[in-house]
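In the working numbering, the protein residues as written are 5 to 323.
The beta-carbon is built from N, C-alpha and C at its ideal position, and this holds for glycine as well.
To keep things clear, I will list the structure first and then write my remarks on it.
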């Protein structure tokens, strides 16, 4: 028996992707959205793409989802070239935007059914799929409501339901919880995690919410000015950027000047009455700090230790 064709280990394999937008006629303007973005995402992973506004997040997702053609470089998604094999790829992927836009007069069930037909669903199979998605995203009371009547959060839930109509192998989510109430955001994140856990779906998402990225993503990439500057797990990124543990102290006197010179202390800052010391290793440095403070007669009124937040990594990279 002939061996079956090997399934590519990478869901996304993109190298040096570039994209420039041109506008104007008399005064030609060029905006470089991507300047050589390289990205690899393994199958079955949830990968988060973070970056400031205008960094190139949505442009990169649009190229990987075959909505835009790159100017340079190359990208393969699910083993298919995004430019030359776009038609075959589109049947296997889907995308939801945090700023969805559908025909205002269509009803919720009509929107989902319309996109289901585009993917070849019909009859009872289409009705069952629409019903399942409407229940899953808590749209039952609104299934006959026109799109124009929906709140921002409901529109986002319709977009997520539409994005799953073809049961995609790879799902692109552009800020999936934008505009949602906190309780709905929690349920959407639970749905996203379940898609990977129960179906092995590969998911690539952009987000501005650091907690969302840490909670959901196996790996995170930071993009700025069209290039991916760093990638890895949340913990690896913190180490890569040189952010250590934070030792927060309430002292009397409040800020001994010599603390910044203690070995292992990377920086000293004040926040809401706390003196925050970023140190290389909390387990090693906290006992040393306590001994030094005791010798100098400094009273320790309170102490707490925390790991650096992903948001701090983002701030460092976005400088």
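DSSP, reduced to helix, strand and coil, places residue 262 within a helical segment of the structure shown.
Inclusion of residue 225 and residue 51 in the CB contact set at 8 Å is warranted, their separation being smaller than that value. Only exposed fits residue 186, as fewer than 16 other CB atoms lie within 10 angstroms of its CB. Nearest neighbour of residue 227 by Cα position, chosen from 70, 318, 12, 96, turns out to be 318.
Shown here, residue 216 sits in a helix according to DSSP, grouped into three states. Look at residue 85 here: in three-state DSSP terms it is strand. DSSP places residue 94 in the helix class (H, G or I) of the three-state scheme. For residue 279, the three-state secondary structure derived from DSSP is strand.
In the three-state reduction of the DSSP assignment, residue 308 falls in the strand class.
Residue 66 and residue 181 have their C-alpha atoms some 18 Å from each other. Looking at the DSSP output, residue 223 bridges to 51.
Inter-segment contact for the segment 144-164 and the segment 121-130 is absent: fewer than three beta-carbon pairs are separated by less than 8 Å. Pairing residue 98 with residue 199 gives a Cβ-Cβ distance that is not under 8 Å. With fewer than 16 other beta carbons inside 10 angstroms of its own, residue 57 counts as exposed.
Close CB contacts of residue 192 within its chain, under the 7 Å cut and outside five residues either way in sequence, are with 164, 180, 181, 184 (chain order). Classified as buried, residue 173 has 16 or more neighbouring CB atoms from the shown chains inside 10 Å of its CB. Just measuring C-alpha positions, the residue of 22, 12, 268, 114 sitting nearest residue 232 is 22.
Taken in chain order, the complete alpha helix (DSSP H) segments of 4 or more residues contained in the segment 50-80 are 61-68.
Residue burial annotation: residue 106 is buried, with at least 16 other C-beta atoms found within 10 angstroms of its C-beta. Ranked by Cα distance from residue 53, the options 214, 160, 138 are led by 214.
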